[in-house]
Amino acid sequence: MTAPIDILRYWRASLADGQLPSLPDKVPMREVAWDTVCAGRIVADVTKALVGDWQVSGNGKAKGNRAGAKGEPASVPVLIAPLVFIARHHHGNSGRNSDKPYAPLIVPAQMATDGKLSFDPAKHQPWMWRGALEPSAAPEPPLGSLDEFDAFRSSTPRPEDSDWGKLIEYTEGLCKALTGAALADVAIDGYDRGPAMVLAAFPPSSPSKHLIALADALTAEDASLPATLVSACRSGPLRPQMGISDRWDASARHYGQMGADYPLADRQRDAVHHLGACAEGDVLPVNGPPGTGKTTLLQSIVATMVVEAALAGGEPPVIAVTSTNNQAVTNVIDSFAKVEPPAHRQDDPLEGRWLPGVKSFALYLPAASKEVDEGKYHVARLPEYGEPLSGMPADMLQGEAVAAAEVSFLAAAGAAFGKEFTAAADVAAELGNRLAAGAARLRERVALVSALVSRRAARPDHTAVDFASWVKAEAAAAEERIAAHTQAVATARGEADAAREQWKMADIGVGRGLEELFPSGGGLGALLGWLLGFLPSVRAGRWERCRRIVRQVGIEDGPFASLLVPTNLDALRLHLDGCLASLRQRADAEDRRTGEVEREAGKAAAAIRARVDALNVEAEAWLSAEQQWALAAEELCAAAAGIDSVKKISRAELIARPDCVERLLDVTLRHDLFLLATHYWEARWLQSAQALVDDADDPVKAISRKSRQRTEERWRLMACLTPCFVSTLFMLPKHLQFYDPDGDNKNPPLTDFVDLLIVDEAGQVPAEIGGVGLSLGRKALVVGDIHQIEPVWSVGQHIDEGNISRYGLRNQADQLDEAGCRASSGSLMRVARHASAFVGETKNDPGIFLAEHRRCQTPIVAVCNDLVYANRLVPCTPTLSEPILPPLGWANVRSPSGRRGGSRFNAGEAEAIAEWLERHRGEIEQRYGKPIHELVGIVTPFSAQKGEIRSALGRHGIDGDLTVGTVHALQGAEREIVLFSPVHTAEDGGRPFFDRGPNMVNVAVSRARHTFLVFGDMRVFDPERAVGKVPSGVLAKHLFGRPEYEILDALTRPDFVAEGVAAHTIRLDSLEAHRETLREAFERATSRVLVVSPYLSPDALSRDDVEALIAAARGRRVAVTIAFDPELNRKSGHLKPACIEAAGALARAGAEIVERSRIHNKTLAVDDSWIVEGSFNWLSAVRDPSLPYARMERSLRYQGPDAGEFVKDAWREVLG
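Take the sequence shown: its letters are residues 8 to 1223, numbered as in our numbering.
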């Protein structure tokens, strides 16, 4: 097993190796000639300016900067940017969020006050900003890839001495390896090349510096590592998911719900329950695809912890919600700020906050340098570098704020409870009592339902009433069975008595018989009897009398079976003794048997009576439970009246389905408990704040001290009002530091303090960042989706392999990869899944999978299900009524792609998208009542295409606020309509970039609420590849699944309307124009006609008399070729009869029929003189405009100098 400390050290090294920051902000940039830099010197005026900049920055006295004779520094650290680009503005928009120059390559150095440049090979090494290396979420165009950068660093020796020329040579080599061009020749389309720049500054610190410090603190400690970190390094899963009874127990401990508009979904509830069952150190992954309610889940978890802590009467919970990107962080803050009283409770005095100025349950902890709208969020700037606490928590403690808050709080409490309060402590006591009573009521409700559900499950064929009747019948039958047992005992006793009596009578009879045979008595008579006994007649008479007596008592065998007088009297006596013994034994046996019968009968009767008693108890309890439930159901339904989300749960349904109680409890009692707990902690905050005010002249300064005790007090005080603390993973370790003047580490972390660490969008968090960050929580909830956006890794494979070996993990490399721990390929979500506290419902999804999907239309969800989720997502969004666009759609846009720098672009796709969007903008905005930029997003795999699309949008009057970019552009957001520009064409060959894994397509599709449209070369999308789960194939299967998904009015040949070509192009916008063009083609052709029509229809041929037109053309020796797609014309594996009929008719007319799979263009080419491309299916489109399937068709007819080349391309595509 891999030791956690080794993994921690490996992660720490990965954090350090991934430091590729950008140039620092807010530092003046000075122009400099690159040739002078290569010569190792900065000109005098720039040098003077840089020294001044350094002194103004306050760093002039920084450690290591020895002052000169005049108090000036002897040297200044500088950062040189040899590549500087300025974005050109197109139609008022550059496509970037900033006008700051784009300077991706950075060379650190030291500059003497005379301008001479030097460098320390141990500290000064050039690097490329991570945002300039693909894959990247940055808006700037990439100059290369991380793999290329990694390969260069691994294969190219760094300068080992201070020879300035070697540093320049290394820098030139780095640029060449990434861009393919020398420094002087690098260019980016859409950007102007600016002069080199230099600024006076230390190399910027890495965003990961606080995580590195945290890792250092953990590895330096003698104590054991935090339990969550150990969990992250182990192999799981551990425990099976809860059974039914455990789930009801967990439900009884699910105390809080933040919102009262909607209840939790089943799988959200499972997540709450399983988190409650987690022990300290456990890691619970929640696999949450977009639209499955992660935000609602987090709110419920926070609410439950808030109530639990209030019931315990201890300290408020500290819950940290974090991620690596600010968008995910601010999405969480927004969700907590949007918790408003539901419509049906607007007048409820418990709703809202009772303290003025408190609006949210989340507190944002940004970096010190980050500007935040404090009017939008609750923000706290924690004590740092002698500065006290500031922001909302400090404002609440200023001046008379506490006294004013108390007045407001007591008034609100009085209005809520109908009585006057004079102190916050009294309100806290009142709230505590109500909380305890409410929690008890919740537990009673859940216990009642749990018992009722169990009873019903145990008796699925009964109701409580008919079960009671059945029990009565069972009791009557039981009495009959008991009577039968009693009768059996009586019978056995009678038989035993009879056997005993037989033995006794036999004993008497034998005695009498022997008396006859051997008379007893004294005197003469006896003597005479004895003497005469020798006489045969006397002996015979005596034997006859003896025999008769003995036989009368049942002894008839042996001597007594014969009339002959026995001669062996001893044998006779022995026989009689044996018979008597046998009879006695039989009597004894019957006695014993009777005892057994009595005992068994007693047991049986007791069991029957016990069963009947138990059945009676069960029946009475069930009837009582049903009666109680009927009353409770009426109360719950009354409490939930007016709540739309549960209005379908009637009293009758609730009685019939008690498990529905969870949904009603969410929006009633659990929400009430959360409100009570919220105000309880407000009361506790008032008590603590009043104590601070009483004990300190400056309460803010007092709470700002950084000792461990004061730091923990500060966090708990803030948690009373905002239990949820939101920060990036990069800053959270810094926020959780305290000051220890006696320790080796003066600023150690609070690693055993945060009650729950929640990491959102964990699929995007690199393993080394998230793994180290987990150590900050006592237990962790890791939320994300491994099938969405992957991390932007900062460590390449070569560097990663080196670290693996360096820390003795070579033999565990495969296990680390499987566990998702690798810095070059892993993610925190994968780490958490491997270390999950609970197994999943399937082996492929450890932890909890949120299945209920409430964002997208069902056909969109179907794509995602088919692609990655194995049909586990359950679409819950109703179908749109009267949609203006289909849920899925495609437009076949024929346009070549090109390469720009390290990226690709397709100008034709960009133009087609912008032109289509311009024409449909009014309809879309009118349908939704919002501006276009709030409704539409455009996604592309390539950064260069993003700029191309923005330029096209600008030409068509669409402003720059519309979201355009790679999948990262829609991170954490969605749009009603998403357009996808694939860029890749069939001519490009190879595998499209978006086919390298399912994530990109899954992200793009799942961001569309109502419509997902593809504008591109549809030959790239082959439905036959769906079997292998190739992303483009899966998407193709769904896109081509219905004919109405084709977008017919898109600009399919943008090159026909390009500058210099458009003058020779005619637009065909009507059915009649297309039909007339088809007739013209056959009638005027002199050598050949090509018709590419993916579908064939006999009706279309008949209505346009196509057969006669072909025959006439053939009569003039015009070759006619018809190409169609057999795959689009199949049903159940066979060509449709209509297609067979049409193809046969065309062939008989003289046309050559070509079957060509995956043709989506609709082409009409005549000789080498003109060509038509568009959306019109020439030989299948409905010819009657009044029919429901008639659609708006658009095509472009080109008849110009380049027509011959266009026609040749069309023939090549058909014939190969």
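In this text, a Cβ means the ideal position worked out from N, Cα and C, and glycines have one as well.
Exposed or buried, which one is residue i when buried takes at least 16 other CB atoms within 10 Å?
i, result
"Ala-396", "In the sequence as displayed, the identity of residue 396 is Leu instead of Ala. Answer is buried; the Cβ neighbour count reaches 16."
"Gly-75", "Residue placement at Gly-75 is flagged as unreliable, the pLDDT there being 46, under the threshold of 50; a coordinate-derived value is accordingly withheld."
"Val-414", "exposed"
"Thr-886", "exposed"
"Ser-82", "buried"
"Gln-353", "exposed"
"Ser-1164", "exposed"
"Met-265", "buried"
"Met-36", "buried"
"Ser-307", "buried"
"His-794", "buried"
"Ile-515", "exposed"
"Arg-829", "buried"
"Glu-315", "buried"
"His-1", "For the chain, the structure presents residues 8 to 1223; residue 1 sits outside this window and is missing."
"Ser-330", "buried"
"Met-204", "buried"
"Val-1034", "exposed"
On the DSSP letters alone, give me the boundaries of the beta strand (DSSP E) that residue i sits inside.
i, result
"Thr-1072", "1072 to 1075"
"Pro-866", "Where Pro-866 is concerned, there is no enclosing beta strand (DSSP E), although the alpha helix (DSSP H) it sits in stretches over 865 to 871."
"His-1017", "1015 to 1023"
"Trp-897", "895 to 899"
"Phe-92", "91 to 94"
"Pro-1038", "From DSSP, Pro-1038 is part of no beta strand (DSSP E) but of the alpha helix (DSSP H) over 1038 to 1046."
"Pro-115", "112 to 119"
"Phe-912", "910 to 912"
"Val-34", "No beta strand (DSSP E) contains Val-34, which DSSP labels as neither H nor E."
Helix, strand or coil: which one does DSSP assign to residue i?
i, result
"Met-249", "coil"
"Ile-308", "helix"
"Arg-1137", "strand"
"Gly-833", "coil"
"Ser-231", "coil"
"Phe-845", "strand"
"Cys-731", "strand"
"Gly-967", "coil"
"Gly-944", "strand"
"Gly-784", "strand"
"Arg-555", "helix"
"Pro-80", "strand"
"Val-1179", "strand"
"Asp-504", "helix"
"Cys-198", "The question names Cys, but residue 198 is Tyr in the sequence shown. Note: Tyr-198 maps to strand in three-state DSSP."
Is it true that the CB of residue j sits closer than 8 Å to the CB of residue i?
i, j, result
"His-280", "Met-249", "yes"
"Gly-4", "Pro-1030", "As shown, the chain starts at 8 and ends at 1223. That puts residue 4 outside it, with no answer to give."
"Ala-842", "Val-290", "yes"
For the alpha helix (DSSP H) containing residue i, name the first residue and the last one.
i, result
"Gln-697", "676 to 702"
"Gly-1151", "1144 to 1155"
"Ala-375", "Careful: Ala-375 lies outside any alpha helix (DSSP H) and carries neither H nor E."
"Ile-49", "Looking at the DSSP string, Ile-49 is not in any alpha helix (DSSP H), and its letter there is neither H nor E."
Just to check, is the beta-carbon of residue i closer than 7 Å to a non-hydrogen atom of the ligand GDP?
i, result
"Ala-475", "Although the ligand GDP was asked about, the structure shown includes no ligands whatsoever."
Contact between the region 1106 to 1123 and the region 1199 to 1207: three or more CB pairs below 8 Å?
-> In short, these stretches do not touch, since the Cβ pair count stays below three.
For the 8 Å Cβ check, are there 3 or more pairs between the region 26 to 43 and the region 255 to 267?
-> Contact fails: fewer than three Cβ-Cβ distances are below 8 Å.
Flag this pair as touching only if the region 870 to 883 and the region 1004 to 1020 have three or more C-beta atom pairs under 8 Å; answer yes or no.
-> Output reads yes: the region 1004 to 1020 touches the region 870 to 883.
Can at least three beta-carbon pairs, one atom from the region 341 to 351 and one from the region 752 to 759, be found at a separation below 8 Å?
-> For the pair of segments examined, the region 341 to 351 was found not to touch the region 752 to 759: the number of CB pairs separated by less than 8 Å stays below three.
Inspect the CB distances between the region 555 to 572 and the region 457 to 472 and report whether three or more fall short of 8 Å.
-> Counting C-beta pairs closer than 8 Å gives fewer than three between the region 555 to 572 and the region 457 to 472, which falls short of the contact rule.
Evaluate the contact criterion for the region 10 to 24 versus the region 772 to 779: three or more CB pairs, one atom per stretch, below 8 Å.
-> With a cut-off of 8 Å on Cβ pairs, the region 10 to 24 is in contact with the region 772 to 779, counting three or more such pairs.
Taking one C-beta from the region 1156 to 1172 and one from the region 1096 to 1111 each time, how about it: are there three or more such pairs within less than 8 Å?
-> At 8 Å Cβ cutoff, the stretches touch.
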